[in-house]
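Working notes for the structure below.
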Amino acid sequence: MTKGTLMKAIYSFIMLFAFIAAAPVNSATVEDFSRHLQYYNVKISPDGKHLAALVNVDGGKSLVFLDAKTFTITYTLNANKKSQPADYYWANNERVIIQVEQLRGALEIPLNFGELYAVNYDGRKARMIFGYRSKSSIGLSAQRGFLLDILKEDRKHVLIQAQKLSRKSDVLPRVSKLNIYSGKEKRVKTAPISYSQFLIDNEGIPRFVSGIDKNYNTKLFYSKGKGSDWQSFSDDFKGGFVPVAFTENNQSIYALKSKNGETQGLYKYDLQTQKETLLYRSELVEPTYSIKSNVNQVFGLRIDEDYPSYIYLDDNNASTKLHKAIFGAFKGDNVEITSATKGGKKVIVKVSGDINPGAFYLFDTVTMQARHLFNSAPWIKPQELAQVEPFRIKTPDGYTLNGFMTLPIGKSSNIPTIVLPHGGPHARDYWQYNRQVQMFANAGYAVIQVNFRGSTGYGDAFKEAGYENWGSKIQDDILLATKYAIQQGVADKNRLCIFGGSFGGYSALQSAIRSPDLFKCAIGYAGVYDLPLLYADGDITTLRWGDAYLNKTLGVDEAKQIAQSPIYHVDKLKAPVLIIHGEDDLRAPISHANKLRAALEQQNHPYEWLVKDKEGHGFYKEENLLEANKKILSFLEKYIGT
1 MTKGTLMKAI
11 YSFIMLFAFI
21 AAAPVNSATV
31 EDFSRHLQYY
41 NVKISPDGKH
51 LAALVNVDGG
61 KSLVFLDAKT
71 FTITYTLNAN
81 KKSQPADYYW
91 ANNERVIIQV
101 EQLRGALEIP
111 LNFGELYAVN
121 YDGRKARMIF
131 GYRSKSSIGL
141 SAQRGFLLDI
151 LKEDRKHVLI
161 QAQKLSRKSD
171 VLPRVSKLNI
181 YSGKEKRVKT
191 APISYSQFLI
201 DNEGIPRFVS
211 GIDKNYNTKL
221 FYSKGKGSDW
231 QSFSDDFKGG
241 FVPVAFTENN
251 QSIYALKSKN
261 GETQGLYKYD
271 LQTQKETLLY
281 RSELVEPTYS
291 IKSNVNQVFG
301 LRIDEDYPSY
311 IYLDDNNAST
321 KLHKAIFGAF
331 KGDNVEITSA
341 TKGGKKVIVK
351 VSGDINPGAF
361 YLFDTVTMQA
371 RHLFNSAPWI
381 KPQELAQVEP
391 FRIKTPDGYT
401 LNGFMTLPIG
411 KSSNIPTIVL
421 PHGGPHARDY
431 WQYNRQVQMF
441 ANAGYAVIQV
451 NFRGSTGYGD
461 AFKEAGYENW
471 GSKIQDDILL
481 ATKYAIQQGV
491 ADKNRLCIFG
501 GSFGGYSALQ
511 SAIRSPDLFK
521 CAIGYAGVYD
531 LPLLYADGDI
541 TTLRWGDAYL
551 NKTLGVDEAK
561 QIAQSPIYHV
571 DKLKAPVLII
581 HGEDDLRAPI
591 SHANKLRAAL
601 EQQNHPYEWL
611 VKDKEGHGFY
621 KEENLLEANK
631 KILSFLEKYI
641 GT
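At position 433 of the sequence shown the residue is numbered 433 (this note's numbering), and the sequence of numbers has no breaks.
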């Protein structure tokens, strides 16, 4: 990166302290929705003297350090041909720990191999402190590590989760204390199960660990403290008990717990008496994720019934009070505290929503004044975006489906409509900024998203209702949401297209096959189209629990899998098809796209094709994203107009 390019990026960074309200309004373009974010994150040092901002420069990520008063640059860690900075944390007043992403010629998307790099805000004492390229790993088997906890009373060490860099099923992660200057590691505790997640108490001691066994069952283990061995917490929970955080005195924990497949509730659980107290539970959804003021300082949980809301562990907590105030001020947008000074006088806040990709603020908790720093995607103007509205519908067998409807600005009825099922299927859609949704709305299309059965976040019973029903009841739910949009007068029933990625790509083809007269086109992006092929090709079965996962979610009856696989039923298909795929996709290998194309050609069925080498499970390179988006919009215009 040239000095001129860097200064241009930083100049725009500084200029964004003032909102660009005076800028002329220009219509958003497909190029605007095909770009990566310009600003990924910003965090403040514990003493409040410096900021570190992760910035996109020339297509790579750079970590820029600035003086918090003058905003002059003290140092810039640039991307190079082999690697770039990614997620990062202030470990003390001077030093930042950075997760490193590898840039490899075989793939466009950066890869994370668990390398940790550390550097001072002025560029001094820079070194790789953990990973296969660190000096401490030379001569040893390759290792990968991820930050677990910043030790508040120890400025030279952090806790990391580390393990051998291997996909083998018998690799057991460990917790280690890592010197952030020398890279010297001291092992603290090893997990008794692979694919593990640790929970650290307020004294920096690993107390809980959960993992997945070969049968795709979650197991939970507990340690009473330093020097105590792991013991099974309880076989009764079977993954239905998820520790979230310790109370300040480490005597109790906050945990998520479910019973009989219902949604998880938030409980306070006394570790000595085993008494539990229910603090919160929604009948519809489970908590989405923990909200934190630092790496391991949880103070609340996000809830997503329709719009984001929050519950708090302690109403007297300083972060809780601040978060409540900011959340109220921004009228329901998602609010995230990215970092705070020691004592909490100053915090960095990220605010985002359906028409806001993200805006960062420096907030003074004494004066209660917020200073706007920058926007994640400064070329996006919220006034040009379409608002996302939630809806709920009931299935004939009694399930409540939560979904989202996005209408192009100025239109309310008989709109050409795109049905957009999410991937997974064990994932879900949220009320949030989605550049693909906004691209479609900007082009004149309504967009329908639905969290069908099988989606996560609605309880185990809801998720498991999708098992063995990928091609049947899940598709019925998608069809139900489509008919709802028609009944509401929003969707033009004669101009419907279905589009999705990964499992959404599977659903696009499967729904178009099951309802051949409803959809005028179908677009599969990185989709799976042959369910039995998931056992023979791809990365799922390389995981210890991969076969068990497929058996549980697809069922072991191959005839039923074939019955729910699009490639065997294209003779029922009427909608023209667009196939988009990455040549190097490991999750949904290119063999799925090739087999679908062969089946379509055998039927002389109209289709279009876009495949890119070096791309994986979804395109990453901006040039390829733009080409794919232009192809999609052209395909939509051809078959359902605008």
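Ideal Cβ placement from N, Cα and C applies to all residues, glycine included.
What you are looking at is a predicted structure, and each value in this text was computed from that prediction instead of being measured.
Residue interval of the alpha helix (DSSP H) (run including residue i)
i       : result
Ser-511 : 503 to 514
Lys-321 : 318 to 329
Ala-481 : 473 to 487
Ile-590 : 590 to 602
Phe-233 : Per DSSP, Phe-233 belongs to no alpha helix (DSSP H) and is neither H nor E.
Ala-427 : Per DSSP, Ala-427 belongs to no alpha helix (DSSP H) and is neither H nor E.
Where residue i sits in the DSSP three-state scheme
i       : result
Lys-631 : helix
Ile-205 : coil
Arg-655 : Given a span of 1 to 642 for the chain in the structure shown, any question on residue 655 remains unanswerable.
Gly-546 : helix
Met-368 : coil
Gly-139 : Confidence in Gly-139 is poor, its pLDDT being 46 and thus under 50, which makes the residue's placement too unreliable to answer from.
Glu-384 : helix
Glu-623 : helix
Ile-20  : Residue placement at Ile-20 is flagged as unreliable, the pLDDT there being 36, under the threshold of 50; a coordinate-derived value is accordingly withheld.
Arg-133 : coil
Val-57  : strand
Val-171 : coil
Thr-349 : Thr is not the amino acid found at residue 349; the sequence shown has Val there. The answer is strand: DSSP assigns Val-349 an E or B state.
Ile-193 : coil
Lys-638 : helix
Asn-26  : Any reading at Asn-26 needs caution, since the residue's pLDDT is 45, under 50, leaving its predicted position unreliable; the model's value is listed next. In the structure shown, Asn-26 sits in coil (DSSP, three-state: anything other than H, G, I, E or B).
Arg-124 : coil
Residue range of the unbroken beta strand (DSSP E) whose run includes residue i
i       : result
Leu-533 : Here Leu-533 belongs to no beta strand (DSSP E); instead the alpha helix (DSSP H) covers 533 to 536.
Glu-305 : Taken as a continuous stretch (DSSP letters only), Glu-305 belongs to no beta strand (DSSP E), as it is neither H nor E.
Ala-245 : 241 to 246
His-36  : Element bounds for His-36: n/a, residue is neither H nor E.
Ile-418 : 415 to 419
Gln-102 : 95 to 102
Ile-579 : 577 to 582
Val-611 : 607 to 612
Val-119 : 111 to 120
Glu-336 : 334 to 340
Residue closest to residue i, alpha-carbon to alpha-carbon, out of the options
i       : options                               : result
Pro-85  : Met-128, Asp-397 and Lys-152          : Met-128
Asp-122 : Gly-501, Ser-45 and Glu-608           : Ser-45
Gln-272 : Ala-245, Glu-262, Lys-224 and Gly-265 : Lys-224
His-50  : Ser-27, His-36, Ala-28 and Tyr-89     : Tyr-89
Val-335 : Ile-348, Ile-540 and Gln-264          : Ile-348
Pro-309 : Val-295, Asn-41, Glu-286 and Asn-316  : A small fix is needed here, since residue 309 is Ser in this sequence, not Pro. Checked all of Val-295, Asn-41, Glu-286 and Asn-316; the closest Cα to Ser-309 is Glu-286.
Ser-196 : Leu-148, Val-158, Lys-184 and Lys-226 : Leu-148
Thr-365 : Thr-341, Thr-72 and Gly-261           : Thr-341
Glu-305 : Arg-392, Asp-47 and Asp-477           : Arg-392
Thr-277 : Glu-283, Leu-284 and Tyr-269          : Tyr-269
Gly-471 : Ile-180, Leu-554 and Gly-353          : Leu-554
Residue i and residue j closer than 9 Å at C-beta
i       : j       : result
Ser-176 : Gly-145 : yes
Tyr-529 : Ile-567 : yes
Leu-586 : Gly-538 : yes
Leu-116 : Gly-131 : yes
Leu-610 : Ile-590 : no
Pro-382 : Ile-409 : no
Thr-417 : Asp-492 : yes
Ala-666 : Ala-91  : Residue 666 lies beyond the residue range present for the chain, which begins at 1 and ends at 642; the question has no answer from this structure.
Pro-576 : Ala-526 : no
Glu-384 : Ser-27  : yes
Lys-574 : Ala-508 : no
Gln-438 : Phe-113 : no
Asp-314 : Asn-250 : no
Thr-482 : Val-388 : no
Lys-164 : Glu-101 : no
Cβ-Cβ separation, residue j to residue i (assumed contact under 8 Å), whole Å
i       : j       : result
Ile-474 : Gly-403 : With 8 Å as the limit, Ile-474 and Gly-403 do not qualify as a contact, their Cβ atoms being about 14 Å apart.
Val-351 : Ser-290 : About 18 Å; that fails the 8 Å criterion.
Leu-199 : Arg-207 : 6 Å
Asn-317 : Phe-299 : 5 Å
Gly-48  : Lys-321 : The pair is not a contact, with the Cβ atoms about 19 Å apart (cut-off 8 Å).
Ala-446 : Ile-478 : No, Ala-446 and Ile-478 are not in contact; Cβ-Cβ is about 15 Å, not under 8 Å.
Leu-103 : Ser-83  : 6 Å
Residue i beta carbon near the ligand NAP (any heavy atom closer than 8 Å)
i       : result
Lys-621 : For the ligand NAP, the structure offers nothing, since it holds no ligand at all.
CB contact below 9 Å: residue i versus chain C
i       : result
Ala-628 : The structure shown contains no chain C; it holds only a single protein chain.
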